[in-house]
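**Student:** Quick note, the sequence shown lines up with residues -18 to -1, 1 to 593 if you use mature numbering (1 follows the signal peptide of the UniProt record, and there is no 0). Built from N, CA and C at the ideal position, the CB exists for glycine as well. Source: prediction; values computed, not measured. There's a structure below that I have some questions on.
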Amino acid sequence: MKLLQVFLIALVCKLCLAATNTELEAKNYLAKTSERYFNLYNKISAEIFALDDDDDMETAFGRLSNIKKIAAELVDFSNEAAEFDQSKIQDPEIKRALNNLREVADLFVLGDDYFESMVIAVAALQTLASDKDIEPYNGGENMPNQDDSLVAFYPDIQKVYETSNDPEELKYYWNAWLEKNTVWAATNFYTIIEAMKKSATILDRPVLNMYYSNFDIEEFLKEMDKVMEELKPTYKQLHAFIRHELHKKYGSEVIDAEGPIPHHLFQQVLAQAWKEGSVIENYFPFKELPPYDGFVKDFSSKKLLNDAQDFYKSLGFSDLDEDFLKNRLTAQDESNSINGCRAVIFDLTPKVYMHYCQKVDFKKFMQMHGYVGRIQYAQEKKDLPAYFFESYDLEYPVGEAVILSASTPKHLQAIGLAKNFEFSEKTLMNRLFRMGIHTILNIPQYYVHSKIVKELLNDTVDMETVNKRYWKLMEDYAGVEPPSDRDEGCIDFPYKFYLDVEQNHQTQKFVSEVVGYQFYKALCQKAGEQGQLYNCDFYGNKNVGNAMKSMMALGSTKPWKEVVSKILTDNASLSADPLVEYYTPIIDWIKTLNEQNKVKIGWKESQYKVL
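Next up, the structure:
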């Protein structure tokens, strides 16, 4: 049922109001509507939060029916908001609220038939990773105990990418998963794309304005392009190093020393970033990393939450709401494998609900810092009216900035977790390199995925030609190619492309990474931190907390750039510069090695054809 929870809470995450036809009447109405809105969404959150893995389908869809009744009200609100004659309204704040409200019906505007078909489509895409429908390579001879049972992408094939050094095995699984899932995935994906187009038409709103509802669309897309240009020199150096190491490992028959990196090997590099045997193993061995999981081996999952909250308290944030801790916080077991046992948070109103994972390791500890950030964000904007409660998804880059601080050697030693470990210069580089592989390699993928959905929505590409366009963008921006020629009818998107596509998740990930590093640098400057950016810890600094809280308290009362300027006082535009600065030590090291090895920077055109 967690798939249903995640989908439903995402689907109802915008604002709602009704309206009359004059500015004064609108202002009076807005003043009366906030409580109604919060009550409505608290009811939705409670209904979805109550869904449980043990519920049978009759119980689950009984609750779903209740949510559908509430959703019908959203359609009414959206229609009523559209009745305003904005030419008679001068107040920009009221106009901003009304423009948001016109879109509140979102996909619900298509009616009950759509609602149920979308639940099916989104759930189908979510399960692409967990369905055990792939024959194992060579009859399972490489599987534990030579098990020949059918495997799923997660965790089975993912584990292969993490551990296997057989390029044929990796290529087999790359092809096998796509062959098994392409038609099913493409059908459900297309259903979602068409539904978004139709809902925009009914609401008389540009579809891209709805999909990128948090941003000034034209300016924002230009800034995403600018980020990619700023990142390009750094990316090309890392790409050249990785390709050279893969060529040494596998030879010219597997990878061209001057061409793009085959996608199955690219996936392997990402999967092995924090594993033994990665492309940096000969330079920075995995065994020389700090024993991160050992730092938290005696923690309970509740202590992960409490210690993450302690970080925010040190910045001047309040305690977590007592009612939340007692009644709206529950643990889930590790069997939720589809999303890696990530938390599910319902933060549409000040009354936040959260399912969190009982698994304990260092990664979960860091993720908890991000989750608590979302809860704190909701608490800081609790006094805002409902129509300005949305916060441009800035809770995610805030969490990213806090995680960057909380994971530093400086912080881990300061709070006593790493008091018995000596962080040498090589250890710091080892950590930084692995972080860089994960971050720098993923950003172009987020960009390409976001761009593909945008082009499908505005009809500059269709489902017949989208695969050719996809590989063109992957080659141009990521230096990645398919492992073989691709026939007509292929749709080669990886499974992560499909996850939460209706929520514009790939753009959210792009912004979270880029703005997260921007926030981190700006907050480090406010804390007066000296030295290398990658070891800055702003724990305990009230100036940092005040800046964060002043931004959080604004919600969406002001445009995006005015809100982020509470932290980004010098430049509120998207920029890759802080991220590039963060990873400068490893990029300088890579540049030197690339020059010594006379490695080609950049890549020539792919030899493979995509029809």
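Report, in whole angstroms, the separation of the C-beta atoms of Val334 and Phe306, which I expect to be a contact under 8 Å.
**Tutor:** Right, their Cβ atoms sit about 6 Å apart.
**Student:** Helix, strand or coil for Gln490 per DSSP?
**Tutor:** Three-state DSSP puts Gln490 in a helix.
**Student:** Take Phe135 as the anchor and find which of Asp115, Glu577, Leu423 has the nearest alpha-carbon.
**Tutor:** Cα-wise, what sits closest to Phe135 is Asp115.
**Student:** Going by DSSP in three states, Tyr338 sits in which element: helix, strand or coil?
**Tutor:** Here Tyr338 sits in strand by DSSP.
**Student:** Could you give the DSSP three-state label for Arg468: helix, strand or coil?
**Tutor:** It is a strand residue.
**Student:** How would you call Gly510, buried or exposed, if buried means at least 16 neighbouring beta carbons within 10 angstroms?
**Tutor:** So Gly510 counts as exposed.
**Student:** Could you check the C-alpha separation between Lys591 and Ile572 for me, to the nearest Å?
**Tutor:** The alpha-carbon atoms of Lys591 and Ile572 are separated by roughly 31 Å.
**Student:** Could you tell me whether the region 102 to 110 touches the region 479 to 490, where touching means 3 or more Cβ pairs closer than 8 Å?
**Tutor:** The region 102 to 110 vs the region 479 to 490: in contact.
**Student:** Using a Cβ-Cβ cut-off of 8 Å (strictly less than) and excluding sequence neighbours within five positions of Tyr459, which residues of its own chain qualify?
**Tutor:** Contacts found: Met210, Pro426, Tyr429, Val430.
**Student:** Applying the 10 Å Cβ sphere with the 16-neighbour rule, what's the burial state of Ile473?
**Tutor:** The residue is buried, with at least 16 neighbouring Cβ atoms inside 10 Å.
**Student:** At what residue ranges does the region 109 to 194 contain a whole run of the alpha helix (DSSP H), taking only runs of 4 or more?
**Tutor:** Whole alpha helix (DSSP H) segments, 4+ residues: 140 to 145, 149 to 184, 189 to 193.
**Student:** Taking the continuous beta strand (DSSP E) assigned at Ile327, which residues delimit it?
**Tutor:** It spans 326 to 328 - the beta strand (DSSP E) in which Ile327 sits, taken as one unbroken run.
**Student:** Taking the alpha carbon of Pro567 as the point to measure from, which residue in Met417, Met411, Lys508, Val497 has its own alpha carbon closest?
**Tutor:** Checked all of Met417, Met411, Lys508, Val497; the closest Cα to Pro567 is Met411.
**Student:** What's the gap between the Cα of Thr173 and the Cα of Gly522?
**Tutor:** Roughly 48 Å between the two C-alpha positions.
**Student:** Helix, strand or coil, according to DSSP, for Thr539 in the structure here?
**Tutor:** If DSSP states are grouped into helix, strand and coil, Thr539 belongs with coil.
**Student:** Could you have a look at Gln514 and say whether DSSP puts it in helix, strand or coil?
**Tutor:** Three-state DSSP puts Gln514 in coil, outside helix and strand.
**Student:** Out of curiosity, what's the CA-to-CA distance linking Gln254 and Lys345?
**Tutor:** Roughly 15 Å between the two C-alpha positions.
**Student:** Please look up how many angstroms separate the CB atoms of Tyr193 and Met178, rounded, as I've assumed it's under 8 Å.
**Tutor:** So it is a contact: roughly 6 Å between Cβ atoms.
**Student:** Could you round the C-beta distance between Tyr369 and Leu12 to whole angstroms and report it? I think they count as a contact, below 8 Å.
**Tutor:** That belief holds up - the Cβ atoms of Tyr369 and Leu12 are roughly 6 Å apart, short of 8 Å.
**Student:** Could you give the DSSP three-state label for Ala87: helix, strand or coil?
**Tutor:** Coil, per DSSP.
**Student:** One question on the structure: do Leu414 and Tyr516 come within less than 8 Å of each other, judged by their Cβ atoms?
**Tutor:** Taking 8 Å as the Cβ cut-off, Leu414 and Tyr516 qualify as a contacting pair.
**Student:** Taking DSSP as the reference, what is the three-state secondary structure of Met39?
**Tutor:** Per-residue confidence for Met39 stands at a pLDDT of 43, beneath the threshold of 50, marking its modelled position as unreliable; the derived number appears in the next sentence. Of the three classes helix, strand and coil, the one that applies to Met39 here is helix, per DSSP.
**Student:** By the 10 Å Cβ neighbour count, where 16 or more other Cβ atoms means buried, how is Glu484 classified, buried or exposed?
**Tutor:** Counting Cβ neighbours within 10 Å, Glu484 comes out buried, since at least 16 surround it.
**Student:** When you compare the region 486 to 504 with the region 260 to 273, are there three or more beta-carbon pairs, one atom per stretch, that lie closer than 8 Å?
**Tutor:** No contact exists between the region 486 to 504 and the region 260 to 273.
**Student:** Do the region 577 to 585 and the region 207 to 222 meet, that is, are 3 or more Cβ pairs less than 8 Å apart?
**Tutor:** Contact holds: three or more Cβ-Cβ distances are below 8 Å.
**Student:** Taking 6 Å as the limit between beta carbons, can you name the residues of its chain near residue 606, skipping five residues before and five after?
**Tutor:** Absent from the structure is residue 606, since the part of the chain shown begins at -18 and ends at 593.
**Student:** Can you name the start and end residues of the alpha helix (DSSP H) that Ala313 belongs to?
**Tutor:** Per DSSP, Ala313 belongs to no alpha helix (DSSP H); it is in the beta strand (DSSP E), 311 to 314.
**Student:** Please confirm whether Lys543 and Ala529 have their CB atoms less than 8 Å apart.
**Tutor:** Not closer than 8 Å, so no.
**Student:** Roughly how many angstroms separate the alpha carbons of Asp73 and Leu83, rounded to a whole number?
**Tutor:** Cα to Cα, the separation comes out at about 16 Å.
**Student:** Quick one: measure Cβ to Cβ for residue 638 and Gly122, integer angstroms, because I've assumed they're closer than 8 Å.
**Tutor:** Examination of residue 638 is not possible in this model, given that the chain is present from -18 through 593 alone.
**Student:** Under the DSSP definition of a beta bridge, which residues are partnered with Ala272?
**Tutor:** Note on residue identity: the sequence assigns Pro, not Ala, to residue 272. None, per the DSSP bridge assignment.
**Student:** My output table needs one value for Ile385: the three-state DSSP class, helix, strand or coil.
**Tutor:** Note: Ile385 maps to helix in three-state DSSP.
**Student:** Quick check on DSSP: helix, strand or coil for Glu463?
**Tutor:** Reduced to three states, the DSSP call for Glu463 is strand.
**Student:** Evaluate Met39 with the Cβ neighbour count: other Cβ atoms within 10 Å of its Cβ, from every protein chain shown; 16 or more gives buried, anything less gives exposed.
**Tutor:** Caution is warranted here: a pLDDT of 43 is assigned to Met39, below 50, making its placement in the model unreliable, and the coordinate value is therefore given only provisionally. With fewer than 16 Cβ atoms within 10 Å of its Cβ, Met39 is classed as exposed.
**Student:** Could you pull the start and end residues of the alpha helix (DSSP H) that Pro242 belongs to?
**Tutor:** Premise fails: Pro242 is in no alpha helix (DSSP H) and is neither H nor E.
**Student:** Taking all protein chains shown into account, do 16 or more other C-beta atoms lie within 10 angstroms of the C-beta of Glu29, making it buried, or fewer, making it exposed?
**Tutor:** Glu29 should be labelled buried.
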